[in-house]
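All remarks here apply to the structure that follows.
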Amino acid sequence: MTVIKLNNDSGKLFGYESEAMNPEPMETVVPQSGFAKLLATGLVGWVLGSLVLLAAGWYWAHSETIAIAAMWAITHWWAAFAFGAVLLLADSLISRLKSATALMAYLLPVALLALVAGICVAIYPDPGFRSDLFGYMALVLVFYVLGFLWMMLGRGSAGNTAFLRLVLPAMVGGLVVLSLVAMPVFTSNYFIYRKAFGLSVSKATVANGAMIADAVLEIHKPGDYTFSAPRFIFGGGIEMTEPEPAMEYGKITWGTAGPPKNGVPGTYPLQIRWGKNIPVSLPAPPTADVEREMISLEIHNGAKQDAEPIFNISAPLPIARR
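Residue numbers (my numbering): 100 to 421.
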């Protein structure tokens, strides 16, 4: 009896090839019905939550315009984001789909951006800066949607590729947005010189139609500085007898150590005198319980002789004893 043997080539000849004949690793393909479906639910929940916040800003927060309501909604964007995460988990329970990978893709970009924003706020803990950083994070939703569309264009891609297509646009776009907020702050004079100076006022008197303030300036950051003292403005109750310019710069007299030296930090006593339209009958300067009752110094770059100050520093008046 004749025996016919089929080798591997004969299998190819008839259009089939067994896995045992040609064992090749298979890629893990993202199940679109699971991963993408859950992410779509989360993003829809985020959008719906944002619309609810907009309505809440209009009705419950008593916003006068749509723009104000939108700003209120943006500052509370995290609530809409959390609502999207809850919907994602609820959908996974109802449809009995595994949610770990989809939830990680949903949370990871925002977690990274929140960490970066937190580091920036730790470096410069200014309330306005913090509000801007975390408020602009609402724009990351746009990059989430772009990443989702990019992922859907590559349907059938390997699991890691689909995951990266979703999270990378959100991460990169969010970091760009945060950098656009943070860089102008970190390169501004108010950040560079935020700890460079200190000012305290020990005494303020009114005598012979002039107001005189004794103060101490502390310089912690070496540099070439010049100083000017904008006119002190009284709180009220003083009748001006003649028109005055908007600003009067007081005469600064430095203590025995002289004016600050170029590049030399230290403590420098000074006295400032303002002599225009200070009524002789005024017995003493007003008390320091009003926010605007401050002594201010403008610091300029002495090397550049710029008209605009690089920094302003103020100190409250000591409480006057009448």
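We treat Cβ as the ideally placed atom computed from N, Cα and C, and that holds for glycine. Keep in mind the model is a prediction, meaning the values are calculated, not measured.
query, result
"Across the stretch 267 to 279 and the stretch 239 to 246, are there enough close Cβ pairs to call them in contact, namely three or more that are closer than 8 Å?", "yes"
"Under the rule that 16 or more other beta-carbon atoms within 10 Å means buried, what is Ala-199, buried or exposed?", "exposed"
"Do the CB positions of Leu-187 and Gly-148 come within less than 8 Å of each other?", "no"
"For Tyr-289, count neighbouring C-beta atoms within 10 Å of its own C-beta (all shown protein chains included) and say buried if the count is 16 or more, exposed if not.", "exposed"
"Does the stretch 261 to 268 come close enough to the stretch 212 to 226 that 3 or more CB-CB pairs lie under 8 Å?", "no"
"For a test of the three-state rule: what should DSSP assign to Ile-193, helix, strand or coil?", "helix"
"Whose C-beta lies closer than 8 Å to the C-beta of Ser-301 among residues of the same chain, with five residues either side of it excluded?", "Asp-313, Ala-314, Val-315, Pro-417"
"Could you give the distance in angstroms between the alpha-carbon of Leu-207 and the alpha-carbon of Ala-201?", "10 Å"
"Where does Asn-121 land, buried or exposed, given buried means 16+ other C-beta within 10 angstroms?", "Model confidence at Asn-121 stands at a pLDDT of 46, short of 50, so the residue's coordinates are unreliable; what they give is reported in the following sentence. When all chains shown are included, Asn-121 counts as exposed."
"Just to confirm the assignment: which complete beta strand (DSSP E) runs, minimum length 3, are found wholly within the stretch 138 to 181?", "none"
"Taking the beta strand (DSSP E) that Asn-400 belongs to, which residues open and close that run?", "393 to 400"
"Do the CB positions of Ser-327 and Glu-407 come within less than 8 Å of each other?", "no"
"For Ala-312, which residues does DSSP report across the bridge?", "Ala-303, Ile-371"
"Under the three-state reduction of DSSP, which class applies to Ile-222: helix, strand or coil?", "helix"
"Taking only three categories from DSSP, how would you classify Gly-365?", "strand"
"Mind checking who Lys-350 pairs with in its DSSP beta bridge?", "Arg-372"
"What is the DSSP secondary structure of Ala-199, counted as helix, strand or coil?", "helix"
"Taking the CB atoms as reference points, tell me whether Leu-277 and Leu-212 lie closer together than 8 Å.", "yes"
"Is the CB-CB distance between Gly-156 and Ala-172 below 8 Å?", "yes"
"By how many angstroms is the C-alpha of Pro-364 removed from the C-alpha of Gly-357?", "13 Å"
"Classify Tyr-324 as helix, strand or coil using the three-state DSSP reduction.", "strand"
"From the DSSP output, in three-state form, read off Ala-431 for me.", "What the structure shows of the chain is the stretch from 100 to 421, and residue 431 is not part of that stretch, so it cannot be assessed."
"According to DSSP, what are the bridge partners of Ile-318?", "Phe-296, Gly-365"
"Where Gly-322 and Thr-286 are concerned, what is the direct C-alpha to C-alpha distance, given to the nearest angstrom?", "17 Å"
"Please state whether DSSP places Pro-283 in a helix, a strand or coil.", "helix"
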